[in-house]
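The structure appears below as structure tokens.
Have a look at this one:
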């Protein structure tokens, strides 16, 4: 990846989420440069029917299993569970 490419979380794209964040109650205001990323965001973050996954070490919940897997990397020496616990 080139150094002059900005990270997606700092880019201001044409696709802005104006929905209320269900965790904070505040406007989401996340923006995306690609429509696919915006659609995925709405389907995972703002879908009340989407099952969340929970960290069995601290109880924090995540909308996507890959985010939980990254979270487990904060705990060195802990084996990542093969089955992701759901809420």
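Numbering (UniProt numbering), first residue to last: 1 to 87. Every residue gets a Cβ at the ideal spot worked out from N, C-alpha and C, and that includes glycine.
Exercise for review: Could you tell me if residue 73 is buried or exposed, where buried requires 16 or more neighbouring beta carbons within 10 angstroms of its beta carbon?
Suggested key: exposed
Exercise for review: Excluding the 5 residues preceding and the 5 following residue 63 in the sequence, name in chain order all residues of the same chain whose CB lies nearer than 7 Å to its CB.
Suggested key: 44, 45, 50 and 52
Point to revise | Cβ-based neighbour list, residue 26, same chain, cut-off 8 Å, excluding 5 preceding and 5 following | key: 20
Review point. So, using beta-carbon positions, are residue 38 and residue 58 closer together than 8 Å?
Key: no
Practice item. Enumerate in chain order the residues of its own chain whose CB-to-CB distance from residue 35 is below 8 Å, with the five nearest sequence positions on each side excluded. Key: 15
Review point. Can you tell which of 82, 33 and 13 has its C-alpha closest to the C-alpha of residue 65?
Key: 82
Review point. Taking the DSSP output, what are the residues bridged to residue 16?
Key: 31
Practice item. Would you identify the three-state DSSP class for residue 64, choosing helix, strand or coil? Key: Reduced to three states, the DSSP call for residue 64 is coil.
Review point. Between residue 61 and the rest of its own chain, which residues show a CB-CB distance below 8 Å, the 5 nearest in sequence each way excluded?
Key: In chain order, 52, 53, 54, 55 and 87 place their CB closer than 8 Å to the CB of residue 61, counting only its own chain and leaving out the 5 sequence neighbours on each side.
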